[in-house]
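Number of protein chains: 2
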Amino acid sequence: MKAKIYISYKEGILDPEGNISRKALNNIGLSEVNDVRFGKYIEMTFNGVSKEKAEELTQIACEKLLANHNTETFKFEIVES
Amino acid sequence: MKAKIYISYKEGILDPEGNISRKALNNIGLSEVNDVRFGKYIEMTFNGVSKEKAEELTQIACEKLLANHNTETFKFEIVES
Chain A
35 MKAKIYISYK EGILDPEGNI SRKALNNIGL SEVNDVRFGK YIEMTFNGVS
85 KEKAEELTQI ACEKLLANHN TETFKFEIVE S
Chain B
35 MKAKIYISYK EGILDPEGNI SRKALNNIGL SEVNDVRFGK YIEMTFNGVS
85 KEKAEELTQI ACEKLLANHN TETFKFEIVE S
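Chains as they are written, first to last, in this note's numbering: chain A, 35 to 115; chain B, 35 to 115.
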């Protein structure tokens, strides 16, 4: 099983990398770009677990290590790897 | 329109952040975690463009700025924002 995890900054949290990327994209001619927000995309694979177990483990991994719950939100999906 | 962009390291490119996260997850009891790969998840919004134009602009943004074509691959989808 494989988890695809998407971690984003919460609303209101400043994203300097996103802001500078938006400015850079505007500067190279992509004036239609209005906003850019950076986050993390994590792929995590499991050995011999069910989809339900993979969901449980991914929830724990995000809460205990991967996401900073003060500033970030996460969502994930489990797919056959 | 909004682009959801996923950038990952190419196969064979070392991912120290992923490796150290896998070890840390194993150490806190998630022994079923076999592999972790870190990438970027970027949301980019556009002012007043069609879906086709948003696809074209996102392709350019990834090629010219957001992804390092030596070490990374990207994929994206365009959704109504």
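No residue lacks a Cβ here, since even glycine has one placed at the ideal position from N, Cα and C.
This one's a predicted model, so the numbers in the text were calculated from it and none came from an experiment.
Name the chain A residues that come within less than 8 Å of residue i, Cβ to Cβ?
i, result
"residue 83 (chain B)", "66"
"residue 95 (chain B)", "59, 64, 67"
"residue 41 (chain B)", "75"
Applying a beta-carbon distance threshold of less than 9 Å, which residues of chain A neighbour residue i?
i, result
"residue 46 (chain B)", "Those within 9 Å of residue 46 (chain B) in chain A number zero; the least Cβ separation is about 15 Å."
So if DSSP puts residue i in a beta bridge, which residue, or which two residues, is it bridged to?
i, result
"residue 42 (chain B)", "B:73, B:107"
"residue 79 (chain B)", "A:69, B:36"
"residue 112 (chain B)", "B:37"
Does the distance from the C-beta atom of residue i to that of residue j stay below 8 Å?
i, j, result
"residue 96 (chain B)", "residue 80 (chain B)", "no"
"residue 42 (chain A)", "residue 71 (chain A)", "yes"
"residue 91 (chain B)", "residue 64 (chain A)", "yes"
"residue 76 (chain B)", "residue 99 (chain B)", "no"
So residue i contacts chain A; which residues on that side make the cut at Cβ distance below 7 Å?
i, result
"residue 80 (chain B)", "66, 67, 68"
"residue 112 (chain B)", "Result: empty, since nearest Cβ-Cβ is about 13 Å, beyond 7 Å."
"residue 98 (chain B)", "62"
Using a C-beta cutoff of 8 Å, does residue i count as contacting chain B?
i, result
"residue 77 (chain A)", "yes"
Quick check: is the beta carbon of residue i nearer than 8 Å to any beta carbon in chain A?
i, result
"residue 12 (chain B)", "Coverage of chain B is limited to positions 35 through 115, which leaves residue 12 (chain B) absent and any answer about it impossible."
- Query: Is there contact between the stretch 44–63 of chain A and the stretch 36–44 of chain B, where contact requires at least three CB pairs shorter than 8 Å?
  - Reply: The stretch 44–63 of chain A vs the stretch 36–44 of chain B: no contact.
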